[in-house]
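**Student:** Dumping the structure here so I can ask a few things about it.
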Amino acid sequence: MWVDPDTGDWYGLVHNEFTPQPFGDGLHFDAIDYAVSKDQGRTWTIKDKVITSPYSTARNDTTAFPNKTYYYGDGDQRLLVDTASGYFYVYYGSRLVDKSGGWKAFHEHVARAPIAGKMAPGTWQKWYDGAWSQPGAGGKESNLVPVTGAGDTGYTPAASEYSPAGTGTVSEQVAAGKAPATSPLFVMDVTYNAYLGLYIGEPQQVDQSGNAPRQFYATADLATQKWTLVGDTGSYHDASWYRWFLDGANRTSSAVVGKTFRAYCSISCASSSGEYANITIDSPTPAAAPFDPAGTYRIANGSGRILAQTSGGTTTTSLAAGTGSPLEAWSFAANGDGSYRFF
């Protein structure tokens with residue numbers, strides 16, 4: 007969810023499971039709705055669908071899905087509010103399903119929308135074939151995959167994506183190169199790591215036995231979606247259905263972490279259904295300071311009010327306009343983990 011600083015309203019994305027037993031099976035279709043709360047989360051109003059399947063979600067639609075498989079739709083979303091770029095990014099999954107035998111392949115996708123649009127329908131664009139080119143509602147979507155070489159695009163080529171017209175089971179289509187296998191980036195939660203100066207992603211393991219380490223991927227630019235493996239949790243193994251980050255300096259948001267952070271898990275964790283692991287991602291070349299550490303700065307809000315130290319005291323006050331006083335000049339000192347203190 008996201009809190010609108012203009013109104014105080016809360017906005018959230020909802021995982022919507024609908025149309026049970028679309029082909030007489032035990033599953034359903036997925037879509038992503040958006041909802042708004044005007045009372046700080048006590049009640050919510052679901053407004054509309056914003057990210058939906060490229061294909062039909064009607065029950066028993068054998069015209070859209072004439073053969074042995076169907077497409078589950080879009081859901082299991084993970085939201086990143088990236089104020090640096092001015093976009094919401096939502097990482098979400100889809101699944102290929104055998105009509106007679108359950109889901110078999112899990113794919114990862116991403117869409118984005120300007121924060122100024124407040125999650126409304128029509129503001130979302132899906133990442134497809136190397137561009138933000140498809141509408142959130144009904145548009146095509148590329149399966150994200152890790153980058154392992156210089157020429158890799160980070161997504162499945164359009165010609166190799168799933169087609170409902172494909173014949174055979176999901177496993178047979180994957181084996182024949184007619185559909186992608188499960189993506190190692192499936193339902194990835196994403197944060198900005200201020201120590202590294204990179205975005206970090208933490209997906210669900212392809213191996214869901216509980217005997218595999220959790221993996222971490224990184225990218226420098228969300229506009230191009232090229233994710234590279236940077237490490238894993240070694241002997242700490244789980245299946246981790248739901249994951250999120252929290253940092254000891256930030257404490258209130260999963261959007262930014264530092265050098266060491268908590269990686270939380272809910273359901274299918276290493277030893278319980280709810281726990282966290284302390285993770286450190288180090289680098290010989292951490293990010294440079296985003297400012298001149300030797301300089302002093304004025305701190306102001308959007309309406310122009312200036313933060314100043316109270317004369318003769320240790321408290322602060324806000325001024326309608328700056329005066330040039332040294333009490334309005336602030337210095338920053340690094341804590342060594344990507345966070346800073348100011349004085």
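Those letters in the sequence shown? Residues 7 to 349, per our numbering, in order.
Glycine is no exception: its CB is placed at the ideal position from the N, C-alpha and C atoms.
Taking the beta carbon of E23 as the centre, do at least 16 other beta carbons fall within 10 Å, making it buried, or is it exposed?
**Tutor:** Answer is exposed; the Cβ neighbour count stays below 16.
**Student:** Among L19, W8, L85, V176, which residue has its Cα nearest to the Cα of N73?
**Tutor:** Ranking the options by Cα distance to N73, first place goes to V176.
**Student:** Would you please state the rounded distance, in angstroms, between the beta carbons of V103 and T197? I believe it to be under 8 Å.
**Tutor:** About 31 Å separates the two Cβ atoms, so there is no contact after all.
**Student:** Classify P141 as helix, strand or coil using the three-state DSSP reduction.
**Tutor:** P141: strand per DSSP, three-state reduction.
**Student:** Name the one or two DSSP bridge partners that V87 has.
**Tutor:** According to DSSP, which records beta bridges pairwise, V87 is partnered with F94.
**Student:** Cα separation between S169 and R268?
**Tutor:** Their Cα atoms are separated by approximately 39 Å.
**Student:** Of all the options G172, W250, V116, which has the alpha carbon lying nearest to the alpha carbon of T75?
**Tutor:** Cα-wise, what sits closest to T75 is G172.
**Student:** Judging by CA-CA distance, which residue of V42, A64, T63, R48 is the nearest neighbour of D54?
**Tutor:** D54 has its Cα closest to that of V42, out of V42, A64, T63, R48.
**Student:** Looking at I206: is its Cβ nearer than 8 Å to the Cβ of W130?
**Tutor:** In this structure, W130 does not lie closer than 8 Å to I206 by Cβ.
**Student:** To which residues of the same chain is T159 closer than 7 Å at the C-beta, ignoring the five residues directly before and after it?
**Tutor:** Taken in chain order, the residues that qualify are G136.
**Student:** How long is the line joining the alpha carbons of I38 and P127, rounded to whole angstroms?
**Tutor:** Using only the alpha carbons, I get a separation of about 11 Å.
**Student:** For A327 and G310, I'd like the C-alpha separation in whole angstroms.
**Tutor:** Rounded to whole angstroms, A327 to G310 spans 7 Å at the Cα level.
**Student:** Take every Cβ of the segment 219-226, pair it with every Cβ of the segment 236-243, and state whether three or more of those distances are shorter than 8 Å.
**Tutor:** Taking 8 Å as the limit for Cβ pairs, the verdict is that the segment 236-243 does touch the segment 219-226.
**Student:** In the structure shown, what three-state DSSP assignment does V262 receive?
**Tutor:** Three-state DSSP puts V262 in a strand.
**Student:** Identify, in the order they occur along the chain, each residue of the same chain with its Cβ nearer than 6 Å to the Cβ of G3, setting aside the five sequence neighbours on each side.
**Tutor:** No statement about residue 3 is possible, as the shown extent of the chain runs from 7 to 349 and does not include it.
**Student:** Quick one: Cα of Y161 to Cα of S241, how far?
**Tutor:** Whole-angstrom Cα-Cα distance: 29 Å.
**Student:** Relative to the C-alpha of Q46, which residue among L33, G280, D10, A339 is closest?
**Tutor:** If we check each option's Cα against that of Q46, D10 comes out closest.
**Student:** So, for R84: in the same chain, excluding its five sequence neighbours on each side, which residues have a beta-carbon less than 6 Å away from its beta-carbon?
**Tutor:** The residues are Y97, D195.
**Student:** For my contact list, F94 and A70 are in at a C-beta cut-off of 8 Å; report their separation, rounded to the angstrom.
**Tutor:** F94 to A70, Cβ: 29 Å. No contact.
**Student:** What first and last residue would you give for the beta strand (DSSP E) that runs through S324?
**Tutor:** It spans 322-325 - the beta strand (DSSP E) in which S324 sits, taken as one unbroken run.
**Student:** What first and last residue would you give for the alpha helix (DSSP H) that runs through E114?
**Tutor:** No alpha helix (DSSP H) contains E114, which is instead part of the beta strand (DSSP E) from 108-120.
**Student:** Are G81 and H21 touching if we call contact CB-CB under 8 Å?
**Tutor:** Yes, these two residues count as a Cβ contact at 8 Å.
**Student:** Take Q27 and list the residues in its own chain whose beta-carbon comes closer than 8 Å to its own, dropping the five residues that flank it on each side.
**Tutor:** Around Q27: L33, H34, R65.
**Student:** In this structure, does DSSP put A181 in helix, strand or coil?
**Tutor:** In the structure shown, A181 sits in a helix (DSSP, three-state: H, G or I).
**Student:** R347 and A335: beta carbons closer than 8 Å?
**Tutor:** Not closer than 8 Å, so no.
**Student:** Taking 8 Å as the threshold (C-beta atoms), are Y40 and G14 in contact?
**Tutor:** Result no, Cβ atoms of G14 and Y40 do not sit closer than 8 Å.
**Student:** Distance, Cα to Cα, G30 vs K110?
**Tutor:** Their backbone Cα atoms lie some 17 Å apart in a straight line.
**Student:** The beta strand (DSSP E) with D12 in it runs from where to where?
**Tutor:** Neither: D12 is in no beta strand (DSSP E) and is coded neither H nor E.
**Student:** Please list, in chain order, all residues of the same chain as T322 whose beta carbon is under 8 Å from its beta carbon, the five residues on each side excluded.
**Tutor:** Excluding sequence neighbours, T322 sits near L313, A314, Q315, T316.
**Student:** N256: which of Y201, H113, Q140, P290 sits nearest, CA to CA?
**Tutor:** When each option's Cα is compared against that of N256, the closest is Y201.
**Student:** In chain order, which continuous runs of the alpha helix (DSSP H) of length 4 or greater are located wholly inside the segment 206-249?
**Tutor:** Those alpha helix (DSSP H) runs which fall completely within the segment 206-249 and span 4+ residues do not exist here.
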